[in-house]
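Once you know that position 57 of the sequence shown is 56 in numbering that gives the first Met the number 0, the rest is easy, because the numbers rise by one and skip nothing.
Here a beta-carbon is modelled for each residue, glycine too, at the ideal position from N, C-alpha and C.
Presented below is the structure to which this report refers.
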Amino acid sequence: MAKTLYSVTMSLDGFIAGPGGDMSWLTPFLGPNPMAEALVPRIGAMLVGNRTFGGDDPNRGTDKEGAMSGEWHGPVFVLTHHPPAQSSPDITFVADLHEGVAAAREAAGDRYVNVLGADVARQALGAGLLDEILVFIAPVLLGDGTRLYDLPGGGEVTLERLTSDESPLANALWFSVRGRDDR
Numbered sequence: 000m001a002k003t004l005y006s007v008t009m010s011l012d013g014f015i016a017g018p019g020g021d022m023s024w025l026t027p028f029l030g031p032n033p034m035a036e037a038l039v040p041r042i043g044a045m046l047v048g049n050r051t052f053g054g055d056d057p058n059r060g061t062d063k064e065g066a067m068s069g070e071w072h073g074p075v076f077v078l079t080h081h082p083p084a085q086s087s088p089d090i091t092f093v094a095d096l097h098e099g100v101a102a103a104r105e106a107a108g109d110r111y112v113n114v115l116g117a118d119v120a121r122q123a124l125g126a127g128l129l130d131e132i133l134v135f136i137a138p139v140l141l142g143d144g145t146r147l148y149d150l151p152g153g154g155e156v157t158l159e160r161l162t163s164d165e166s167p168l169a170n171a172l173w174f175s176v177r178g179r180d181d182r
């Protein structure tokens, strides 16, 4: 069965998007990265939050536009309570997290379901549906924006490091989710 993976690039101060969802900060850090490139064929489906789905793409208008700098193509499940009237090929809109994860896992087969969006990742983590987290740490400070993980009131999540990697553009840390304490 497919595992769920929250993969994301984060600023050193913990933000995955700038103020207002701005992703332009990411552009200088997109480039050759062997770990990121090796991940693409290991993804079988995407589970994406609605804000991420309709949000800013640092590669918009270029041949690198889209998921994984335009390298990934396949089934996408968008978690939203307000699906658009028109559908798109390979895109399924789902209103329920559990149903979305189940459908994405089925579509992914033995590959990963890649989770995109901080809120969807937080929900999946809270529901015990997130298996792994891969964070590429970009050498930049944003000061404000969307945090990698934000849980008002706190709650400890125990992780186990699986691997790490360094590249000229971003260091990477890969973890498995071990447990959660919602004090």
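Whether L4 touches Y148 by CB criterion (7 Å): As a first step, residue 4 must be located in the sequence shown, where it is residue number 5. As a first step, residue 148 must be located in the sequence shown, where it is residue number 149. No, the Cβ-Cβ distance between L4 and Y148 is not below 7 Å.
The ligand SAM heavy atom lying under 6 Å from the CB of P31: Absence of the ligand SAM from the depicted structure is noted, as is the absence of any ligand whatsoever, leaving it without description.
Alpha-carbon spacing of F28 relative to W71, whole angstroms: Position 29 of the sequence shown, counting from 1, holds the residue named residue 28. Position 72 of the sequence shown, counting from 1, holds the residue named residue 71. Straight-line Cα distance between these residues: approximately 18 Å.
Close beta carbons around D96, own chain, < 8 Å, minus the five adjacent residues each side: One-based indexing of the sequence shown puts residue 96 at position 97. Just to set this straight, residue 96 is Leu in the shown sequence, not Asp. Apart from sequence neighbours up to five positions away, the residues of its chain that approach L96 with a beta-carbon distance below 8 Å are L78, V119, Q122, A123, A126 and L128, ordered along the chain.
E134 vs M9 beta-carbon contact at 7 Å: Walking along the sequence shown from the start, residue 134 turns up at place 135. Walking along the sequence shown from the start, residue 9 turns up at place 10. The amino acid occupying residue 134 in the given sequence is Val; Glu does not appear at that position. Yes, the Cβ-Cβ distance between V134 and M9 is below 7 Å.
R110, DSSP secondary structure in three states: Locating residue 110 in the sequence shown gives position 111, counting from the first residue. DSSP, reduced to helix, strand and coil, places R110 outside both helices and strands of the structure shown, so it counts as coil.
Through-space distance from L46 to D130, alpha-carbon basis: Within the sequence shown, numbered from 1, the residue matching residue 130 stands at position 131. Within the sequence shown, numbered from 1, the residue matching residue 46 stands at position 47. Cα to Cα, D130 sits roughly 13 Å from L46.
Alpha carbon of G17 to alpha carbon of A169, nearest angstrom: Numbered from 1 along the sequence shown, position 18 holds the residue referred to as residue 17. Numbered from 1 along the sequence shown, position 170 holds the residue referred to as residue 169. Approximately 17 Å, taken between the alpha carbons.
Local Cβ density within 10 Å of A103, reported as buried at 16 or more and exposed below that: Mapped onto the sequence shown, residue 103 falls at position 104. Counting of Cβ neighbours within 10 angstroms places A103 among the buried residues, the total reaching 16 or more.
C-alpha distance - W173 paired with I136, whole-angstrom precision: Residue mapping note: residue 173 aligns to position 174 of the sequence shown, counting from 1. Residue mapping note: residue 136 aligns to position 137 of the sequence shown, counting from 1. Our two residues, W173 and I136, have alpha carbons roughly 11 Å apart in a direct line.
Three-state class that DSSP yields for G19 in the structure shown: The count along the sequence shown starts at 1 and reaches residue 19 at position 20. Reduced to three states, the DSSP call for G19 is helix.
Rounded Cβ spacing between A44 and P74 (contact assumed at less than 8 Å): The count along the sequence shown starts at 1 and reaches residue 44 at position 45. The count along the sequence shown starts at 1 and reaches residue 74 at position 75. Their Cβ separation, rounded to whole angstroms, is 5 Å, which keeps A44 and P74 in contact under 8 Å.
3 or more residues per run - each beta strand (DSSP E) lying fully within the stretch 111-163: Taking only runs of at least 3 residues, the beta strand (DSSP E) segments lying wholly in the stretch 111-163 are 111-115 and 131-137.
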